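A short write-up of the structure that comes next.
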Amino acid sequence: MPSYFTSSPGKVILFGEHAVVYGKVATAGSLGLRSYCLIQSRTDKTVEVSLPDVQLARTWSISDIPRQDQWTGYPYPPPMNFELLDQLTKFVDLGTHTNRSQAAIALLYLHSYLTTDSTASQGYDFSVRANLPVGAGLGSSASYCVCVATALLQLNGHLSTGLDKETQRDLINQWAFQAEKVIHGNPSGIDNTVSTLGGAVMFKKGEKIEPMPGFQSLRFLLTNTRVPRETQVQVANVRKLREKYPNVVDPMLDSINEISTSCKQLFSQEGLDRSQLLTQFGELVDVNHGLLAALGVSHPALEKVREISSKLGLKSKLTGAGGGGCALTLIRDDVSPATVEVVKQLLEAEGFQCMETSVGGPG
Ligand code: MEV
142 MPSYFTSSPG KVILFGEHAV VYGKVATAGS LGLRSYCLIQ SRTDKTVEVS
192 LPDVQLARTW SISDIPRQDQ WTGYPYPPPM NFELLDQLTK FVDLGTHTNR
242 SQAAIALLYL HSYLTTDSTA SQGYDFSVRA NLPVGAGLGS SASYCVCVAT
292 ALLQLNGHLS TGLDKETQRD LINQWAFQAE KVIHGNPSGI DNTVSTLGGA
342 VMFKKGEKIE PMPGFQSLRF LLTNTRVPRE TQVQVANVRK LREKYPNVVD
392 PMLDSINEIS TSCKQLFSQE GLDRSQLLTQ FGELVDVNHG LLAALGVSHP
442 ALEKVREISS KLGLKSKLTG AGGGGCALTL IRDDVSPATV EVVKQLLEAE
492 GFQCMETSVG GPG
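For the sequence shown, the working numbering begins at 142 and goes up steadily by one.
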């Protein structure tokens with residue numbers, strides 16, 4: 142009885158949030174925090190989805206799912222046509238629709254169900270868990286979609302047909318992107334791309350997302366201030382500021398662009414040892430946060446993270462939209478575990494949630 146276990150990382154924006162909205166370059170990396178998916182086939186004809194971390198479980202009978210002969214307007218087997226996913230929603234009772242993630246799982250399942258004969262009459266159990274905070278700007282939904290998509294593609298044999306690694310990754314990324322669309326409407330694709338590829342990437346609106354050559358895995362303390370943030374509100378505030386003071390704000394956005402490109406150069410610079418690299422990376426962290434604060438997207442809780450970490454010689458910046466949410470603190474290789482522990486305790490005493498994690502690990 143086949144079963145597949147897959148996992149995929151969350152993401153953080155390293156540099157370039159907000160500036161990316163205005164066509165500047167941003168960089169993002171994969172987190173050590175991941176989602177995990179276990180798919181097991183069943184002997185009965187039931188599909189069961191369970192997300193124990195959010196106390197969700199849902200079951201469908203395969204007979205509730207339309208068979209290929211009920212399809213009109215599509216050939217069988219359906220092409221790998223992702224528009225099909227939109228059509229599929231019409232057939233399945235997804236309950237309240239409040240949990241878009243469940244919708245994504247169902248859609249991915251159905252797509253796989255309709256694409257192969259061999260699995261057509263089997264039921265499956267899906268179980269997905271994650272150690273990523275949800276709704277904190279860390280790409281939890283994309284990581285979820287990537288690991289489910291990978292498991293489904295494995296189950297259907299799509300990844301074992303002699304495809305090279307790059308084509309396999311493309312396929313996973315496309316499927317995950319479709320599920321992301323179910324969840325978020327019109328996402329940029331950055332989260333699922335980082336989660337699929339791992340490492341770090343450079344991205345610019347409207348251009349292909351490129352891996353960052355030579356990127357070395359880095360250690361961070363990730364602090365969730367637990368202050369709720371609204372990306373749209375922060376983006377709108379920056380827009381207003383820019384409309385009012387374009388000559389002031391545009392150079393700031395250009396500077397942020399230069400921070401992203403300087404980050405890329407750091408990792409491709411010959412003769413730069415790791416300790417120099419980390420020192421310079423930390424300086425970029427500092428400058429980028431300063432610019433974001435000047436754009437008005439920091440928050441007292443994020444400044445508290447900076448204050449506490451800087452007292453122990455560490456560099457922090459907000460990550461994502463700001464106004465709350467998460468901050469990243471770089472842990473250089475020479476920082477002792479005892480220092481990290483002290484910072485963690487001080488931050489936790491403020492009511493923040495701290496997670497030590499790597500950035501730049503595998504997809
Ligand atoms: C939010 O994670 C990142 C922003 O740059 C918004 C966006 O890129 O859509 C603030």
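Glycine included, C-beta positions come from ideal geometry on N, C-alpha and C. Treat the numbers as computed from the prediction; the structure is a model and nothing was measured.
Close Cβ partners of glycine 423 (< 6 Å) along its chain, the five nearest in sequence each way excluded: Lys456, Leu471
Where tryptophan 452 falls, given that 16 or more other Cβ within 10 Å makes a residue buried: Correcting the residue type first, residue 452 is lysine in the shown sequence and not tryptophan. Answer is exposed; the Cβ neighbour count stays below 16.
Exposure label - serine 144; buried when at least 16 CB within 10 Å: exposed
Counterpart residues of asparagine 365 in DSSP-defined beta bridges: Cys467, Gln494
Contact check, glycine 507 vs serine 336, beta carbons under 8 Å: Since the displayed the chain opens at 142 and closes at 504, residue 507 lies outside it and no answer follows.
Residue range of the unbroken beta strand (DSSP E) whose run includes isoleucine 127: One cannot answer for residue 127 here, as it falls past the ends of the chain, which runs 142 to 504.
As assigned by DSSP and simplified to three states, the class of proline 503: strand
For histidine 159, the nearest candidate out of Ser499, Gly464, Cys495 (CA to CA): Gly464
Closer than 7 Å: valine 162 CB and nearest the ligand MEV heavy atom: yes
Element boundaries [alpha helix (DSSP H), containing glutamine 315]: 306 to 325
Glycine 195 beta carbon near the ligand MEV (any heavy atom closer than 7 Å): According to the sequence shown, residue 195 is valine rather than glycine. Not so, every heavy atom of the ligand MEV lies at least 7 Å from the Cβ.
Among Thr372, Gln494, Glu371, Leu362, the one whose alpha carbon lies nearest that of leucine 469: Leu362
CB contact flag (glycine 340, phenylalanine 356, <8 Å): yes
Short CB-CB distance (under 8 Å) between leucine 172 and chain B: In the structure shown, chain B does not exist; there is a single protein chain.
Isoleucine 350 beta carbon near the ligand MEV (any heavy atom closer than 7 Å): no
Valine 162 to lysine 346 span [Cα, whole Å]: 7 Å
Alpha-carbon spacing of valine 389 relative to glycine 303, whole angstroms: 54 Å
Cutoff 8 Å; reference serine 171; Cβ partners in own chain excluding five residues on either side: Pro150, Gly151, Lys152, Val335, Ser336, Leu338, Gly339, Gly340, Ala341, Val500, Gly501, Gly502, Pro503, Gly504
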